[in-house]
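Asker:
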């Protein structure tokens with residue numbers, strides 16, 4: 046597969062996230078499409094590597110998203126946890142904005 050429509054730019058506020066489910070070669074993938082405080086776009090796994098809860102429900106600050114359950118912060122560019130209790134990174138996916146369309150390629154994690 047290749048990049049697919051995840052959402053539209055109007056669906057995600059600045060410093061906000063949206064949960065979407067996309068199809069990969071191996072099945073469905075839950076993705077958090079995030080617009081950081083600078084207006085840059087990111088796509089990461091929506092599932093926290095520590096608590097298995099939705100990261101898109103967390104707070105976006107700078108270029109990070111915080112898991113609402115236990116407070117782990119993840120770097121939106123690398124997926125690496127920046128604070129405990131999470132110690133495993135989450136997958137990050139290429140995202141492209143084409144006009145009003147936000148495209149994500151879940152088959153080519155960064």
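Residue numbers (the numbering used here): 46 to 155.
Here a beta-carbon is modelled for each residue, glycine too, at the ideal position from N, C-alpha and C.
Just so it is clear, the structure is predicted and the values come from calculations on it, not from any experiment.
Specify, as a first and last residue, the run of the beta strand (DSSP E) that residue 118 falls within.
Answerer: 118-120 is the span of the beta strand (DSSP E), which, as asked, contains residue 118.
Asker: Consult DSSP for residue 101 and reduce its assignment to one of helix, strand or coil.
Answerer: DSSP places residue 101 in helix when its eight states are reduced to three.
Asker: Identify, in the order they occur along the chain, each residue of the same chain with its Cβ nearer than 7 Å to the Cβ of residue 53, setting aside the five sequence neighbours on each side.
Answerer: Contacts found: 145, 146 and 147.
Asker: So for residue 62, helix, strand or coil by DSSP?
Answerer: Residue 62 falls in the strand class under three-state DSSP.
Asker: Following the continuous beta strand (DSSP E) through residue 90, name the residue where it begins and the one where it ends.
Answerer: Taken as a continuous stretch (DSSP letters only), the beta strand (DSSP E) holding residue 90 covers 86-90.
Asker: Do the CB positions of residue 63 and residue 74 come within less than 7 Å of each other?
Answerer: No, Cβ-Cβ distance for residue 63 and residue 74 is not below 7 Å.
Asker: Go ahead and pull the three-state DSSP assignment for residue 152.
Answerer: Coil.
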